[in-house]
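J.:
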Amino acid sequence: MVQIPNPPPPEPSAARSVPTSADVARLAGVSRATVSYVLNNTGAVRISEPTRRRVREAARELGYVPHAAARSLRAGHSRMVLMPAPSFPAGPLYSRFLSGLQRALGRLDYTVVQYGTVGVHGDEAARAWAELRPVAVLAPGSDLGPQGVEILKRSGARAVVTLGPEAVEGAHALLTDQEGVGRGATRHLYDRGRRRIGVVVPAERGLDVFSAPRLDGARQAVAGTDATVTELPLRYEEGDAARLAALWRPLGLDAVFAYNDEYAMLLMRALQDEGLDIPGDAAVIGADDLMLGRLLRPRLSTVHLELPAGRDLAALVDRAVHDPGAAPERHKVLGATVVHRESS
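See the structure below:
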């Protein structure tokens, strides 16, 4: 047996000193105040572009980054915008919306932090968020109540913005009309001559905040008519879609609003595998207007959803941070437009 000797432990190296703004100032040949103005993107002081470039190059060479806590002490508040991770499965549309918002906030010199909220809800979640002392919080309305808003404000949050179907007392609100999505999709099917309409209700946790009002909107769309609406629970699994497709003929349905495009594509494939013609035996419509739906055959009818532009929401956050005493703003978002294609 050959024994491999253990190498001797490395000698502890001398601790490297952390570069400071004074080091950057010396290397760039400017004052510490100039370093602070440049690296904190302060626009109130005029500094030439060559000087700015020299300061940034010196900071890069030394590996210096501004101290967030120190900057917060000087400003009297942090530049952190906290966004709790959604408690529901986030699809491509919502993910694009979040990406655009983060870029817009970054251009306004805010740092966006996503906070995982698994197992933490309501006021307990608000207390956890407050521990980080964010200057603003953007949260789904279903995750936050008036007491939670108060907890955040007492901890120093200048702006609390919720996104959901209803406003929360004390917070700015982006109001989404989920019922309108269900009404539009179902009315489209009714106008195409369909009278026995199924509405998919995802079985996944967290999506009920969207699916319940969409189902209500579907029922409103055909109230007082000769049409019926049947609730169709569905897991986002091929096996569950196959089970539902096998029940299609016994249920006597002739159309389905499948909650969104992803569930619509899942169910449409299962219906076709069951030998059903789309749209002859089953008209199908989704929501979100994903590109993949346009690549299907037949192409998927959908409800196009218009979420607020990231720059507009970032501007709202910035206004609230600079004027925390202003009355909460209320904005209706999520414009819904039916896009008719071959599947319906």
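Numbered per the working numbering, the sequence shown spans residues 465 to 808. The beta-carbon is built from N, C-alpha and C at its ideal position, and this holds for glycine as well.
(1) Going by the C-beta, is D655 closer than 7 Å to any heavy atom of the ligand GDP?
(2) Work out the CA separation of V599 and G681 for me, nearest whole Å.
(3) Following the continuous beta strand (DSSP E) through G628, name the residue where it begins and the one where it ends.
(4) Considering only residues of the same chain and omitting the five flanking positions on each side of G493, which have a CB-CB separation below 8 Å?
(5) Let me know the secondary structure DSSP gives L653 once reduced to three states.
(6) I need the boundaries of the alpha helix (DSSP H) containing I615, first residue and last residue.
(7) Expressed to the nearest angstrom, what Euclidean distance is found between the alpha-carbon atoms of E630 and K796?
(8) Identify whether P743 lies in helix, strand or coil by the three-state DSSP scheme.
(9) Compare the C-alpha of L572 against each of P792, V803, A778 and name the closest.
(10) Measure the beta-carbon distance from G634 to V645 and round it to whole angstroms, keeping in mind my assumption that it falls under 8 Å.
(11) Please report the distance separating the alpha-carbon of R543 from that of R510.
(12) Under three-state DSSP, which class holds A639?
(13) Under 8 Å by Cβ, that's how I've got G774 and L503 pegged, so tell me the actual separation to the nearest angstrom.
(14) In chain order, what residues of the same chain lie with their CB nearer than 6 Å to the CB of S807, ignoring the 5 residues before and after it?
(15) At what residues does the alpha helix (DSSP H) containing G634 begin and finish?
(16) Taking contact to mean at least 3 C-beta pairs separated by less than 8 Å, is the region 700 to 718 in contact with the region 779 to 788?
(17) Ignore the nearest five residues each way along the sequence and tell me which others in G789's own chain have a CB closer than 7 Å to its CB.
(18) Does DSSP classify A778 as helix, strand or coil?
(19) Count the other C-beta atoms from every protein chain shown that fall within 10 angstroms of the C-beta of G580, then say buried if there are 16 or more, exposed otherwise.
(20) Have a look at the DSSP bridge pairing and note the partners of R660.
(21) CB-CB under 6 Å to G648, same chain, minus the five flanking residues each way: which ones, in chain order?
(22) On the three-state DSSP scale, how would you describe H804?
(23) Quick check on the DSSP output: the beta strand (DSSP E) that includes P604 runs from which residue to which?
(24) What did DSSP end up calling R683 once you bin it into helix, strand or coil?
(25) Do L608 and A590 have their CB atoms nearer than 8 Å?
(26) So, at 7 Å on beta carbons, what are the nonlocal neighbours of W712 in its own chain, with the 5 sequence-adjacent residues on each side left out?
(27) Can you find the residues in the same chain that come closer than 6 Å, C-beta to C-beta, to R683, ignoring five residues on each side of it along the sequence?
(28) Using beta-carbon positions only, say whether W593 and L627 come within less than 8 Å of one another.
(29) With 16 as the cutoff for other CB atoms within 10 Å, does L756 come out buried or exposed?
(30) What are the partner residues of F721, as DSSP defines its beta bridges?
(31) R758 to S675, Cα distance in whole Å?
(32) Using three-state DSSP, classify R597 as helix, strand or coil.
(33) Using only alpha-carbon positions, find the residue among Y528, L616, T689 that is nearest to R651.
(34) In angstroms, rounded to a whole number, what distance separates the CA positions of D753 and L708?
T.: Straight from the coordinates:
(1) Summarising the ligand content, the structure contains no ligands, and the ligand GDP is consequently not present.
(2) Position 217 of the sequence shown, counted from the first residue, corresponds to residue 681. Position 135 of the sequence shown, counted from the first residue, corresponds to residue 599. Approximately 36 Å, taken between the alpha carbons.
(3) What you label residue 628 is simply residue 164 of the sequence shown in a count that begins at 1. 623 to 628 is the span of the beta strand (DSSP E), which, as asked, contains G628.
(4) Position 29 of the sequence shown, counting from 1, holds the residue named residue 493. R518, listed in sequence order.
(5) Position 189 of the sequence shown, counted from the first residue, corresponds to residue 653. In this structure, DSSP gives L653 a helical state, which the three-state scheme calls helix.
(6) Here residue 615 is taken as the residue at index 151 of the sequence shown, counted from 1. Counting along the chain, the unbroken alpha helix (DSSP H) around I615 starts and ends at 610 to 618.
(7) Here residue 630 is taken as the residue at index 166 of the sequence shown, counted from 1. Here residue 796 is taken as the residue at index 332 of the sequence shown, counted from 1. When rounded, the distance between both Cα atoms is 10 Å.
(8) In the sequence shown, counting from the first residue as 1, residue 743 sits at position 279. Coil.
(9) The residue given as residue 572 occupies position 108 in the sequence shown. Comparing Cα positions, the closest option is A778.
(10) Here residue 634 is taken as the residue at index 170 of the sequence shown, counted from 1. Here residue 645 is taken as the residue at index 181 of the sequence shown, counted from 1. Contact doesn't hold; Cβ gap of about 27 Å is too wide.
(11) On the sequence shown, residue 543 is found 79 positions in, with the first residue counted as 1. On the sequence shown, residue 510 is found 46 positions in, with the first residue counted as 1. Taking the straight line from one Cα to the other gives about 22 Å.
(12) Translated into the one-based positions of the sequence shown, residue 639 becomes position 175. Note that residue 639 is Leu in the sequence shown, not Ala. Strand at L639.
(13) Within the sequence shown, residue 774 is the residue found at index 310, counting from 1. Within the sequence shown, residue 503 is the residue found at index 39, counting from 1. Contact between G774 and L503 is absent: CB atoms are separated by about 24 Å, not below the 8 Å threshold.
(14) Residue mapping note: residue 807 aligns to position 343 of the sequence shown, counting from 1. Its chain contains I742, P743, V748, P762, L764, S765 as the residues whose beta carbon lies nearer than 6 Å to that of S807, once the 5 sequence neighbours on both sides are disregarded; these appear in chain order.
(15) Here residue 634 corresponds to residue number 170 of the sequence shown, with the count starting at 1. G634 -> no alpha helix (DSSP H), and no H or E assigned at all.
(16) Contact fails: fewer than three Cβ-Cβ distances are below 8 Å.
(17) The count along the sequence shown starts at 1 and reaches residue 789 at position 325. Hits under 7 Å: none found.
(18) Stepping through the sequence shown from its first residue, residue 778 is reached at position 314. Collapsing the DSSP output to three states places A778 in a helix.
(19) For this step, residue 580 is matched to residue 116 along the sequence shown. By the neighbour-count rule (16 or more Cβ atoms within 10 Å), G580 is not buried but exposed.
(20) Counting from one through the sequence shown, the residue named residue 660 turns up at place 196. Per DSSP, T692.
(21) Working through the sequence shown from its first residue, we reach residue 648 at position 184. V767, A800, V802.
(22) On the sequence shown, position 340 is the one that residue 804 refers to. It is coil, neither helix nor strand.
(23) Translated into positions along the sequence shown, residue 604 becomes position 140. Where P604 is concerned, the enclosing beta strand (DSSP E) stretches over 600 to 604.
(24) The count along the sequence shown starts at 1 and reaches residue 683 at position 219. The answer is helix: DSSP assigns R683 an H, G or I state.
(25) Here residue 608 corresponds to residue number 144 of the sequence shown, with the count starting at 1. Here residue 590 corresponds to residue number 126 of the sequence shown, with the count starting at 1. Taking 8 Å as the Cβ cut-off, L608 and A590 qualify as a contacting pair.
(26) Translated into positions along the sequence shown, residue 712 becomes position 248. So the list reads L735, E738, L740, A746, once near-sequence residues are dropped.
(27) Taking the sequence shown and counting its residues from 1, the one referred to as residue 683 is at position 219. Answer for R683: V693, listed in chain order.
(28) Numbered from 1 along the sequence shown, position 129 holds the residue referred to as residue 593. Numbered from 1 along the sequence shown, position 163 holds the residue referred to as residue 627. In this structure, L627 does not lie closer than 8 Å to W593 by Cβ.
(29) Indexing the sequence shown from 1 puts residue 756 at position 292. Exposed, by the Cβ-count rule.
(30) Residue numbering aside, residue 721 sits at position 257 when the sequence shown is read from its first letter. According to DSSP, F721 shares a beta bridge with V663, I749.
(31) Here the question's residue 758 lines up with position 294 in the sequence shown. Here the question's residue 675 lines up with position 211 in the sequence shown. Rounded to the nearest angstrom, the two C-alpha atoms are 23 Å apart.
(32) If you number the sequence shown from 1, residue 597 lands on position 133. Here R597 carries a coil assignment [DSSP, helix/strand/coil].
(33) Residue numbering aside, residue 651 sits at position 187 when the sequence shown is read from its first letter. For R651, the nearest C-alpha among the options comes from T689.
(34) The residue given as residue 753 occupies position 289 in the sequence shown. The residue given as residue 708 occupies position 244 in the sequence shown. So the alpha carbons of these two residues sit roughly 23 Å apart.
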